[in-house]
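**Student:** Just passing along the structure, written as structure tokens.
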Amino acid sequence: MTQLDTLLASLAREHSTGALRIGRNGTVYLDDGRVTYMECAHTPGVERLLATRGLMSETKLRALQAEGGCERLLADGPVTAGELQYAVLSVVLDAAFFLLPATGSRPKFRPGERHWLGGQWFFDVAGLVRECARRRAQLAQTWPSADVDTLPVRPSPRLPGHGVTLSRIQWEVVVRSDGKATPMELAKQIGRPCYPVLLAVRRLAAAGLLEPPEPSRPPPAERRTGTGRKTTAVAAEPEAAEGGLPKRTARQAATARPPHDPEAAPAQSLGPPVTGDPTDLALLMRLKKALEELS
């Protein structure tokens, strides 16, 4: 099956306009071969980001969407063009990370279909692919195991040292964690893009601030004795390590120092008041990358 990034590159060369639906996973909107918006079933959309920031309820957003779209939102809503642009940038990069490069279903392209935000901002397909690769490399460098991405977040009840420094998003993750929600579920609850939450969780794991996953106990195996009778072999208990943690994690927890993480911008601000010029998008990309490296 053709990978999604290859298919998008083909649509870009053909200067296609329309919506590429990837089954139930998400949709990519294009205008003249450039991506204008991406939505993924597993990541929060722009409506969710704006609503959780307290800027506008999702109900009012849907009403404005039906009445006039982006123009009505900017004219009547308490959202500036810069805030909306920054929200769209976060949503598109987040959706691209989880949709590219592979797809689990056969995509279907619908010519002429547009997103309700319209063609306000544009994203180069090749640039999105490069950004996704950079983000995957950053996650791997932060913490090599992807297990923490899909397992429930369980903060450790004990600190590996006398104190830690948490970023704003790490604090939100720790406060909202209930031992059942995964990082992606927490992202929707907090109203943040999923990738920054994944990065925050991996940094918590690298600092030794997360409980290790509960070991799955294998089912007992049956064996026959010399008399022909069946006996059940009981699985041996896993070897305990210091503090109840796996040995590798315990050693890392003893030596790891939490990275200094200054607070980000105020919660109500989604970005500077900029325009839809492509140079502004490039500036926002660099700004977002710098903030991620600090957090």
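Residue numbers for the sequence shown follow UniProt numbering, so the first one is 1 and each next one is one higher. C-beta: ideal position from N, C-alpha, C; glycine also.
1. Taking 7 Å as the cut-off, decide whether the C-beta atoms of Y195 and D124 are in contact.
2. Taking 8 Å as the cut-off, does the stretch 34–52 touch the stretch 177–192 (at least 3 CB pairs, one atom from each stretch)?
3. Can you give me the Cβ contacts of E39 inside the same chain, cut-off strictly under 6 Å, excluding the 5 residues immediately before and after it?
4. Please report how far the alpha carbon of L73 lies from the alpha carbon of L61, in whole angstroms.
5. Is it the case that the stretch 177–191 contacts the stretch 158–168, given that we only count it when at least three CB pairs across the two stretches are under 8 Å?
6. List the residues that DSSP assigns as beta-bridge partners of T27.
7. So, for L139: in the same chain, excluding its five sequence neighbours on each side, which residues have a beta-carbon less than 7 Å away from its beta-carbon?
8. Counting pairs of Cβ atoms below 8 Å between the stretch 177–186 and the stretch 113–129, do you hit three or more?
9. Using a 10 Å radius around the Cβ and a threshold of 16 neighbouring Cβ atoms, would you call W143 buried or exposed?
10. Give me the Cα-Cα distance between D147 and L100, rounded to the nearest whole angstrom.
11. Where does A12 fall in DSSP's three states?
12. Which same chain residues end up closer than 6 Å to E211 when comparing Cβ atoms and leaving out the 5 residues on each side of it in sequence?
13. Under the assumption that A12 contacts R34 (Cβ atoms under 8 Å), give the Cβ distance between them as a whole number of angstroms.
14. Along the chain, where does the beta strand (DSSP E) containing R110 start, and where does it finish?
15. What does DSSP give as the partner residues of F123 in its beta bridges?
16. Less than 7 Å between C-beta atoms, sequence neighbours within five positions excluded: which residues of the same chain meet that for V79?
17. Just checking my contact of L30 with G18 at CB under 8 Å: how many whole Å lie between their CB atoms?
18. Leaving out five residues before and five after C132 in sequence, what residues of the same chain have Cβ atoms less than 7 Å from its Cβ?
19. In this structure, does DSSP put P160 in helix, strand or coil?
20. Along the alpha helix (DSSP H) that carries T150, what are the first and last residues, could you check?
21. In the DSSP output, what is L186 paired with across the bridge?
22. Contact check, V88 vs L117 under 8 Å by CB: the rounded distance?
23. Taking the alpha carbon of G112 as the reference point, which residue from L291, R286 and H15 has its own alpha carbon closest?
24. Rounding to the nearest angstrom, what Cα-Cα distance links G68 and R24 in this structure?
25. Any idea if Q85 is buried or exposed, counting beta-carbon neighbours within 10 angstroms, 16 or more meaning buried?
**Tutor:** On the basis of the supplied data:
1. Here residue 195 corresponds to residue number 195 of the sequence shown, with the count starting at 1. Here residue 124 corresponds to residue number 124 of the sequence shown, with the count starting at 1. Their beta carbons are not under 7 Å apart, which means Y195 does not touch D124 by this criterion.
2. Taking 8 Å as the limit for Cβ pairs, the verdict is that the stretch 34–52 does touch the stretch 177–192.
3. As a first step, residue 39 is located in the sequence shown; it is residue number 39 there, counting from the start. Excluding residues within five positions, the ones whose Cβ falls inside 6 Å are G26, T27, G45 and A95.
4. On the sequence shown, position 73 is the one that residue 73 refers to. On the sequence shown, position 61 is the one that residue 61 refers to. Taking the CA atoms as reference points, L73 sits about 8 Å from L61.
5. Flag = no, the stretch 158–168 and the stretch 177–191 do not touch.
6. The sequence position of residue 27 within the sequence shown is 27, counting from 1. Per DSSP, R21 and E39.
7. Locating residue 139 in the sequence shown gives position 139, where the first residue counts as 1. Same-chain partners within the cutoff: L198, L199 and R202.
8. Between the stretch 177–186 and the stretch 113–129, the count of Cβ pairs shorter than 8 Å is below three; the stretches do not touch.
9. Sequence index remark: in the sequence shown, residue 143 carries index 143 (1-based). The residue in question, W143, is buried, as its Cβ has 16 or more Cβ neighbours within 10 Å.
10. Position 147 of the sequence shown holds residue 147. Position 100 of the sequence shown holds residue 100. Cα atoms of D147 and L100: separation of roughly 20 Å, rounded to the nearest angstrom.
11. Counting from one through the sequence shown, the residue named residue 12 turns up at place 12. Three-state result, A12: helix.
12. Mapped onto the sequence shown, residue 211 falls at position 211. Contacts found: R154 and S156.
13. The count along the sequence shown starts at 1 and reaches residue 12 at position 12. The count along the sequence shown starts at 1 and reaches residue 34 at position 34. Correct: roughly 7 Å between the Cβ atoms.
14. For the purposes of this step, residue 110 is taken as residue 110 along the sequence shown, with counting starting at 1. Run containing R110: K108 to P111, per the beta strand (DSSP E) assignment.
15. For the purposes of this step, residue 123 is taken as residue 123 along the sequence shown, with counting starting at 1. Partner(s): V35.
16. Here residue 79 is taken as the residue at index 79 of the sequence shown, counted from 1. Within the same chain, and ignoring the five residues on either side of V79 in sequence, the residues whose Cβ sits closer than 7 Å to its Cβ are L50, L55, M56 and L73.
17. Walking along the sequence shown from the start, residue 30 turns up at place 30. Walking along the sequence shown from the start, residue 18 turns up at place 18. Right, their Cβ atoms sit about 6 Å apart.
18. Your numbering for residue 132 matches position 132 in the sequence shown. In the same chain as C132, and ignoring 5 residues on each side of it, the C-beta atoms closer than 7 Å to its own belong to A96, F97 and L100, in chain order.
19. Within the sequence shown, numbered from 1, the residue matching residue 160 stands at position 160. Coil.
20. Locating residue 150 in the sequence shown gives position 150, counting from the first residue. Per DSSP, the continuous alpha helix (DSSP H) segment holding T150 begins and ends at D147 to T150.
21. One-based indexing of the sequence shown puts residue 186 at position 186. Looking at the DSSP assignment, L186 forms no beta bridge with any residue, so it has no partner.
22. Counted from its first residue, the sequence shown places residue 88 at position 88. Counted from its first residue, the sequence shown places residue 117 at position 117. Rounded, the Cβ-Cβ distance is 7 Å, consistent with contact.
23. By one-based count along the sequence shown, residue 112 stands at place 112. The shortest Cα separation from G112 among L291, R286 and H15 belongs to H15.
24. The residue labelled residue 68 in the question sits at position 68 within the sequence shown. The residue labelled residue 24 in the question sits at position 24 within the sequence shown. Whole-angstrom Cα-Cα distance: 26 Å.
25. Looking up residue 85 in the sequence shown gives position 85. It counts as buried.
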